[in-house]
Structures are given as structure tokens and as C-alpha cells.
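All you need for my numbering is the position in the sequence shown, starting with 1, plus 686. Heads up, the beta-carbon is just placed ideally off N, CA and C, and yes, glycines get one too. Written out below as C-alpha cells is the structure these notes cover.
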Amino acid sequence: MAEQPALGLRFFDASAPRRAANLPHAPASAATRWRPLIQQVADEVGIDVALLQAVVSQESSFNPRAVSPAGAVGLMQLMPGTARRFGVRDRFDPAQNLRGGARYLVWLLDHFNQDLDLALAAYNAGEGSVRRHGNKVPPFAETQAYVRAIQQRYAY
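Written out as C-alpha cells, the structure is:
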């Protein structure tokens, strides 16, 4: 039996055409529900709210109960080690999850000299993977598609 995505998540087909008009988006109500908290967290950590919203949309479709097959959890799909590193005690708590994920994203932007492609690639594949590939987006179809998808969402 094929592995199924967690409730509320979709399989991401890296080979599918990725025009802005056909990007999967969460229902407007889900995005609207979390908008005030996303804005607050973006202001707190000093990141563009549109970027934070684009990452949340891509990671979990605004589902705070999302769980990936790899064990990533919540709105920002935090792994246990990343959550601990950025002070998140309850990965299912939307505020903690957003703050931890946003802090990690800010850290990645600083670490990669504000190179958004590298920061996004590292958020998806890990900063070690980006470094191992010569500080370039790793040659993984999933990671390359992830970076493109967020850049497209962020362009709005």
C-alpha cells in the first residue's frame, strides 16, 4: 500500500507543472485563521510576513496538527532536534511552532548571508546538506521544487 500524506497534507509531485495559478493553497479560512499569529511572530523575529506565510503554506497548508512521515510536526513542520534547538517544548502548539520555525528561518538567512534560495533549501534538506553541496541548493528534485514553490508563493 502506498504511503499516504498526513491528514490535511498533499503529496508533492516535483514533476508536475508548477504555474502560480495551480499551486496548492490552503482554504482561505485556514490562512486567515493563522494570519494574526504569523504577523505577530514575523514582527517579533524580524522576518517578512509574506515569506513566513509562504513557508507555512508549503510546509503544512496551515495545519497545526500536520505530521510528516519523517516526524516533522506542526505549522512549520519542525523536527525534534530543530524544535529543541530553537526553544520549542510543544511542537503542536501553534505559537511555539511558528516562533521556533521563524527563528530557524532567520538563523538560516543569516548563516547563508541572506541568500533566500540557500536558506529555503536548508529548511527543507538541512543546513549540512547545503554546505556539503558547496553552499548550493542540493541536487534533490524535492528540495529544488520546494525552493521554487516557496519563491512562487512569496512573489505574490
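Check	Outcome
Can you have a look at Asn799 and say buried or exposed, based on whether 16 or more other CB atoms are within 10 angstroms of its CB?	exposed
Can you list, in chain order, the residues of its chain with a C-beta nearer than 6 angstroms to that of Leu806? Leave out the 5 residues immediately preceding and following it.	Val833 and Ile836
Would you say Glu745 and Leu723 are within 9 angstroms of each other, going by their C-beta atoms?	no
Could you check the C-alpha separation between Gly757 and Thr829 for me, to the nearest Å?	17 angstroms
Which residue comes first and which comes last in the alpha helix (DSSP H) that contains Leu764?	It is not in any alpha helix (DSSP H) - Leu764 carries neither H nor E in the DSSP assignment.
If contacts are defined as beta-carbon pairs under 8 angstroms, then Tyr809 and Leu737 qualify, I think. What distance do you get, rounded to the angstrom?	Contact doesn't hold; Cβ gap of about 11 angstroms is too wide.
Note down the Cα distance separating Gln739 from Ala831, rounded to an integer number of angstroms.	18 angstroms
CB-CB under 8 angstroms to Ala843, same chain, minus the five flanking residues each way: which ones, in chain order?	The displayed coordinates of the chain run from 687 to 842. Any statement about residue 843 would go beyond what the structure contains.
What is the rounded straight-line gap between the Cα of Asp776 and the Cα of Asp801?	30 angstroms
DSSP three-state label for Val833, please.	helix
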